[in-house]
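Per the working numbering, the very first residue in the sequence shown carries number 1; after that it's consecutive.
The beta carbon of each residue, even a glycine, is placed where N, CA and C say it ideally should be.
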Amino acid sequence: MPSSGLSEPFLRYLEARGILLTLEAQEALGQVVRVLIFVGLAGAAIFIGWLLLAGVVADLLMTQARWSWQAAAGALAGFHLFVAFIFLLATRNRLASMRWFGDTINEFRKDRAWLSSQTGKR
């Protein structure tokens, strides 16, 4: 029955890691929800502003600069694609700077170092 003596601490270890993982998963979910709300609000504001501004700028280009409607629409489309690319880069940077499950990863690293020091003593 020596295995039962080892299984109880191992099960407690797994339980502690599971609790930590659960807490960090809840924290990660909160971070993702906050980012998605930010992206949704920014997207809605951009879309409404785009609807209003695109019409005004297209009209100004056609009347003041005497551009054809195709040239005005093409210039506005290129500008909007550029702005969309900038927003995608900003979102990617925001997601990359988030720390996902950092405490769990650090604990696993400590555990691995401890286990390697224990096995190295034998």
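Does the beta-carbon of residue i have 16 or more other beta-carbons within 10 angstroms, so that it is buried, or is it exposed?
i, result
"A72", "buried"
Can you list, in chain order, the residues of its chain with a C-beta nearer than 7 Å to that of residue i? Leave out the 5 residues immediately preceding and following it.
i, result
"E24", "F101, D103 and T104"
"M98", "Q31"
Can you find the residues in the same chain that come closer than 8 Å, C-beta to C-beta, to residue i, ignoring five residues on each side of it along the sequence?
i, result
"E8", "none"
"G50", "The question names Gly, but residue 50 in the sequence shown is Trp. Taken in chain order, the residues that qualify are H80."
Excluding five sequence neighbours on each side, which residues of the same chain lie with their C-beta closer than 6 Å to the C-beta of residue i?
i, result
"I19", "none"
Expressed to the nearest angstrom, what Euclidean distance is found between the alpha-carbon atoms of residue i and residue j?
i, j, result
"L60", "E27", "48 Å"
"V56", "L95", "34 Å"
"F10", "L29", "28 Å"
"S68", "M62", "6 Å"
"R129", "L115", "In the structure displayed, the chain extends from 1 to 122; residue 129 sits before or after that span and is not available."
"V35", "Q118", "42 Å"
"G40", "T91", "12 Å"
"T22", "R12", "15 Å"
"A124", "Q70", "No answer is possible for residue 124: it lies beyond the span of the chain, which begins at 1 and ends at 122."
"K110", "E15", "17 Å"
"L89", "F38", "15 Å"
"R130", "L76", "This structure does not reach residue 130, given that the chain is present from 1 up to 122, and the question cannot be answered."
"A42", "N106", "34 Å"
"Q64", "G78", "20 Å"
"I48", "A54", "10 Å"
Would you verify that the beta carbon of residue i is, or is not, closer than 7 Å to some beta carbon of chain C?
i, result
"E107", "Considering every chain present, this structure includes no chain C. It has just one protein chain."
Report task. Would you list, in sequence order, the uninterrupted alpha helix (DSSP H) runs of no fewer than 4 residues that lie entirely inside the region 54-107? Result -> 69-96
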